[in-house]
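For the record, the sequence lines run as chains A and B.
Using the working numbering, read the first sequence as starting at 30 and increasing by one per residue.
Using the working numbering, read the second sequence as starting at 30 and increasing by one per residue.
Note sheet for the following structure.
Protein chains: 2
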Amino acid sequence: MSDAIDDIEEEEAFGISDKLVSDVMEAVDADADEVVEDLVDPLHPADVAHLIEQLDDKDRKEFLRVWPGGIEGEVISELDDNLREEVIDSLDEEELAEAVRDLDSDDVVDLIEDLDDEQTEAVLEALDDSDRALVEQALTYPEESAGRHMQVELVRGPEHWTVGDAIDFLRSDVELPEQFYHIILVDPRMKPVGYVTLGRILSSDRKTPLKELEEDSFRTFNVEQDVEEVAQAINHYHMITAPVVDDDDRLIGVITIDDAMAFLEEEAEEDILRLAGVGEGSLSDRVIETTKNRFPWLAVNLATAILASLVIAMFEETLSGLVALAILMPIVASMGGNAGTQSLTVAVRALATRDLTDANVWRVVRREVLVGLVNGIIFAVVMGAVGYFWFGNLTLAYVIGAAMVINLAVAGLAGTGVPIILEKLGIDPALASGAFVTTVTDVVGFFAFLGLAALWLL
Amino acid sequence: MSDAIDDIEEEEAFGISDKLVSDVMEAVDADADEVVEDLVDPLHPADVAHLIEQLDDKDRKEFLRVWPGGIEGEVISELDDNLREEVIDSLDEEELAEAVRDLDSDDVVDLIEDLDDEQTEAVLEALDDSDRALVEQALTYPEESAGRHMQVELVRGPEHWTVGDAIDFLRSDVELPEQFYHIILVDPRMKPVGYVTLGRILSSDRKTPLKELEEDSFRTFNVEQDVEEVAQAINHYHMITAPVVDDDDRLIGVITIDDAMAFLEEEAEEDILRLAGVGEGSLSDRVIETTKNRFPWLAVNLATAILASLVIAMFEETLSGLVALAILMPIVASMGGNAGTQSLTVAVRALATRDLTDANVWRVVRREVLVGLVNGIIFAVVMGAVGYFWFGNLTLAYVIGAAMVINLAVAGLAGTGVPIILEKLGIDPALASGAFVTTVTDVVGFFAFLGLAALWLL
Chain A
30 MSDAIDDIEE
40 EEAFGISDKL
50 VSDVMEAVDA
60 DADEVVEDLV
70 DPLHPADVAH
80 LIEQLDDKDR
90 KEFLRVWPGG
100 IEGEVISELD
110 DNLREEVIDS
120 LDEEELAEAV
130 RDLDSDDVVD
140 LIEDLDDEQT
150 EAVLEALDDS
160 DRALVEQALT
170 YPEESAGRHM
180 QVELVRGPEH
190 WTVGDAIDFL
200 RSDVELPEQF
210 YHIILVDPRM
220 KPVGYVTLGR
230 ILSSDRKTPL
240 KELEEDSFRT
250 FNVEQDVEEV
260 AQAINHYHMI
270 TAPVVDDDDR
280 LIGVITIDDA
290 MAFLEEEAEE
300 DILRLAGVGE
310 GSLSDRVIET
320 TKNRFPWLAV
330 NLATAILASL
340 VIAMFEETLS
350 GLVALAILMP
360 IVASMGGNAG
370 TQSLTVAVRA
380 LATRDLTDAN
390 VWRVVRREVL
400 VGLVNGIIFA
410 VVMGAVGYFW
420 FGNLTLAYVI
430 GAAMVINLAV
440 AGLAGTGVPI
450 ILEKLGIDPA
460 LASGAFVTTV
470 TDVVGFFAFL
480 GLAALWLL
Chain B
30 MSDAIDDIEE
40 EEAFGISDKL
50 VSDVMEAVDA
60 DADEVVEDLV
70 DPLHPADVAH
80 LIEQLDDKDR
90 KEFLRVWPGG
100 IEGEVISELD
110 DNLREEVIDS
120 LDEEELAEAV
130 RDLDSDDVVD
140 LIEDLDDEQT
150 EAVLEALDDS
160 DRALVEQALT
170 YPEESAGRHM
180 QVELVRGPEH
190 WTVGDAIDFL
200 RSDVELPEQF
210 YHIILVDPRM
220 KPVGYVTLGR
230 ILSSDRKTPL
240 KELEEDSFRT
250 FNVEQDVEEV
260 AQAINHYHMI
270 TAPVVDDDDR
280 LIGVITIDDA
290 MAFLEEEAEE
300 DILRLAGVGE
310 GSLSDRVIET
320 TKNRFPWLAV
330 NLATAILASL
340 VIAMFEETLS
350 GLVALAILMP
360 IVASMGGNAG
370 TQSLTVAVRA
380 LATRDLTDAN
390 VWRVVRREVL
400 VGLVNGIIFA
410 VVMGAVGYFW
420 FGNLTLAYVI
430 GAAMVINLAV
440 AGLAGTGVPI
450 ILEKLGIDPA
460 LASGAFVTTV
470 TDVVGFFAFL
480 GLAALWLL
């Protein structure tokens, strides 16, 4: 088992090895500060954060105690949200101040969002006056807005600049962002009008006007725009930098592709976990937190399962008449639940990626119902045959076949209809659709199967 | 309903409006070539592709017939894989040649992967000799490898260059990539040794050696490395350009962040769909294709549902003795299935993102089993009470309570254990875990509930 994992790791493109994690834990246990430092110092901040996430509670506390000089700001901003508080608590004031001073304003904002008031105060106090003003400004924009997540460090220039003007400006002692890939051209009212890649500037003559080097396609985003939308737009249009403007169309920041990428990854992750009813939470959560996170969805499921049982109870007499019904009925419900989940997952993702719109909604719903019908007919034949040979009862075979067709067609309808309706009502379809759809397929499955049995068999 | 959608659309950051889609369809129906051109010409290629995906079969054929001059290469490479063949078929040889000549070599490779032999031949013939050689070289690397997806257009320079050397080189009439953000420094054997962002070059004096401007962190990736790993590394380390090397460590290409982003989005999408047993396929597939795609998972589910029914059949006598058992038994199975899906989704994602490793595997499994136990006990009490008040049978309450605890703990174990074992066996856990886990929870749920009932009740 351990050999297989080693083989896999040799092919890995990034991250830290299990061996490194255990070496660090050993050194931490032995209180060998210097060994810990030698092992951890060469790592990229993202890897240090990953290492901290891999440690269990006890080891993590030990590691933070042994680690000399406190954790860097970049490591904190790479950490899982739910570990940040703990790590920040382990720093004294001076260490915290040093850590946050390294960070771009957008990273500080991101960090503050997960902290309690006292820690937020401590972080804000640790900043320079100008940085603090920027962070406080960003915090005035709505959560999940472009304004909250934009980087205010950017390079802009007037539209009339030439390549030479741009180079002279960049070579002057002006403060530049850590990373930048475009110069954004603005008009005298600070409204962005286009942008030029640094590659174009570098490969052109000093006298060339920047206007001539502008990219074909240029878009700006309002500061209150949902940041997920901006991130999807960055992906859709292959942008590297997305300029953010205020309500007067003035340039006030940018969202960069690496932040957009991390953001979309988190969103996809969230969707996956929501579809499974897991909600928030991470691998480093404790049993009690995890139990709390899982509980609500299970409670909803219990309620819907009881509802389904009430439907079964309506047919108590039918059931006592023929025990084969009790044996076969979970099959109809289970097939409906699976088919419904298939349709619903496709619909939820298509809504998220904007492939499902008013223009094609009826086509998609019709297709899913037809798919349910066709698969329903196939499985009706299969299951009818199985039922006949198992219990030697032809009518029973008709009953299960008919129930199968009905439930799979309903699964297609509910699987697409429920998320579409939830979306229109402003409820996240990834979060709530699953419970509704399986309730529908359970109820319809049991009702159709037992109801038809009551009509035809007894 | 339509008002709500309009409100949502006003906030959208990208894409095309439903109105545009219907305007285009109207113009297509009226054979109004010029109107179509006026509407579609200003769109970004990604939006044209999106428009084509929104049309149904008939409208799409009409659109491709009416659209003057044939589809651009960039539109084809933005299209859903399963529509590419159709669109390419609609082009004559000359149009196809023109379309593919616009594309970077990596986009041509990506396109060819989905075509049949005849179309591949046609595309290859349409290319210049040098481009064809590049594409054919890329096709020799394994599918899903960095070599297949890398862009060979890049800018490199010797380590001893100064800023001035770099600018002079870029201003010479050398052919440059459409987009580039770094100069990669190579040693005399073409081995990459570091890179410099264009921002650093532009803001430094001509005499500055590039060596002094190098980024701190620099990584290269082998040409046979899994491209998903490279994309995850790009996200993990916030890289913009990932250099790709051959087995002799010579620089042969780069993977850019925008491609990596699109790639990770597709992978997350695939994982979501696989977890739901949907498999390949897209919203524009026809009923028959969709039915085929959904069928295998439903067939597996039927087999496992029959297996569960066989377990129920073992307790035929117990069931005929007390109809309440038939009414309550789906609740135990359903709760186990949901709890198992929660654990399994967390485990599958944690495996994909490398948060679940040998270092913490036992901790995670133990946590999931404990979470199952705790939630099992809570729901045992609730369901025991419900069962008692419903059927007035205290022993029945104990039976369903005990079965609930057992099944939820087993769900935690199977939910983590199954994906971990599948991963070790080299099987994609997203694809196959669901069927195994719900089989386990169904079988254990029915067996525990009916078995305990047989022991204690009758």
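Beta carbons are placed, not taken as given, at the ideal position from N, Cα and C, and that holds for glycine.
- By the neighbour-count criterion, in which a residue is buried when 16 or more other Cβ atoms sit within 10 angstroms of its Cβ, Asp-234(A) is exposed.
- Sequence-distant partners of Val-340(A) (beyond 5 residues in either direction) whose C-beta falls short of 6 Å from its own C-beta, in its chain, are Val-472, Phe-475, Phe-476.
- Contact with chain B is found for Gly-228(A), since one of that chain's Cβ atoms lies less than 8 Å from the residue's Cβ.
- Less than 8 Å separates the beta-carbon of Val-184(A) from that of Pro-206(A).
- Taking 8 Å as the upper bound for CB-CB distance, Ala-155(A) and Val-192(A) are not in contact here, some 40 Å apart.
- Taken atom to atom, the span from the alpha-carbon of Gly-102(A) to that of Ala-337(A) is near 52 Å.
- Contacts with chain B (Cβ-Cβ distance below 7 Å) from the region 357-375 of chain A involve Leu-357, Pro-359, Ile-360, Ala-362, Ser-363, Met-364, Asn-367, Ala-368, Thr-370, Gln-371, Thr-374, Val-375, listed in chain order.
- Per DSSP, reduced to three states, the secondary structure at Val-222(B) is strand.
- Residues of chain B with a Cβ closer than 8 Å to the Cβ of Trp-326(A) are, in chain order, Asn-367, Gln-371.
- The alpha-carbon of Leu-402(B) is positioned some 13 Å away from that of Ser-372(B).
- Looking only at Glu-114(A), Val-164(A), Val-256(A), Leu-125(A), the smallest Cα-Cα distance to Glu-295(A) is reached by Val-256(A).
- Taking 7 Å as the upper bound on Cβ-Cβ separation, chain A lies near residues Ile-196, Leu-199, Arg-200, Leu-205, Gln-208, Phe-209, Tyr-210 of the region 188-213 of chain B.
- DSSP places Ile-212(B) in the strand class (E or B) of the three-state scheme.
- Counting only the Cα atoms, Met-54(B) lies some 24 Å from Thr-445(A).
- Taken in chain order, the members of the region 378-391 of chain B whose beta-carbon sits within less than 8 Å of a beta-carbon on chain A are Arg-378, Ala-379, Thr-382, Arg-383, Asp-384, Leu-385, Thr-386, Asp-387, Ala-388, Asn-389.
- Each of Val-181(B), Thr-382(B), Ala-75(B), Lys-236(B) was checked against the Cα of Ala-195(B), and the nearest Cα belongs to Lys-236(B).
- Linking Ile-317(B) to Asp-76(B) through their CA atoms gives a straight-line distance of about 27 Å.
- Chain A places a beta carbon closer than 8 Å to that of Met-412(B), counting this residue as a contact.
- Residue range 280-285 is occupied by the beta strand (DSSP E) that includes Val-283(A).
- Glu-298(B) belongs to the set of residues whose beta carbon lies under 8 Å from a beta carbon in chain A.
- A direct Cα-Cα distance of roughly 10 Å separates Arg-378(B) from Ile-301(B).
- Ala-431(B) is outside the set of residues whose beta carbon lies under 8 Å from a beta carbon in chain A.
- Neighbours of Ile-335(B) across chain A, judged by C-beta separation under 8 Å: Ile-360, Val-415.
- Per DSSP, Ala-376(A) lies in no beta strand (DSSP E) segment; the continuous alpha helix (DSSP H) that holds it begins and ends at 352-381.
- When secondary structure is reduced to three states using DSSP, Asn-422(B) falls in the coil class, being assigned neither helix nor strand.
- Of all alpha-carbon atoms in Arg-248(B), Gln-261(B), Arg-177(B), Ala-78(B), the one lying nearest the alpha-carbon of Arg-113(B) is that of Ala-78(B).
- Boundaries of the alpha helix (DSSP H) harbouring Val-137(B): 134-141, taken from the DSSP string.
- Judged by DSSP in its simplified three-state form, Asp-255(A) adopts strand.
- Residues are counted here when their Cβ sits less than 8 Å from a Cβ of chain A; for the region 237-257 of chain B these are Ser-246, Arg-248, Phe-250, Gln-254, Asp-255, given in chain order.
- Taking a contact to require three or more Cβ pairs closer than 8 Å, the region 265-280 of chain A and the region 154-169 of chain A do not qualify as touching.
- Chain-order list of chain A residues neighbouring Thr-319(B): Arg-396, Val-400, by C-beta distance under 7 Å.
- For Thr-370(A), the closest alpha carbon among the candidates Trp-391(A), Leu-280(A), Thr-468(A) is that of Thr-468(A).
- Taking 8 Å as the CB threshold, Ala-342(B) lines the interface with chain A.
- Looking at the DSSP output, Gly-186(B) shares a beta bridge with Leu-214(B).
- Residues of chain A whose Cβ lies closer than 9 Å to the Cβ of Leu-183(B) do not exist, since the nearest Cβ in that chain is about 11 Å away.
- Listed along the chain, the chain B residues whose CB falls inside 7 Å of the CB of Glu-82(A) are Asp-384.
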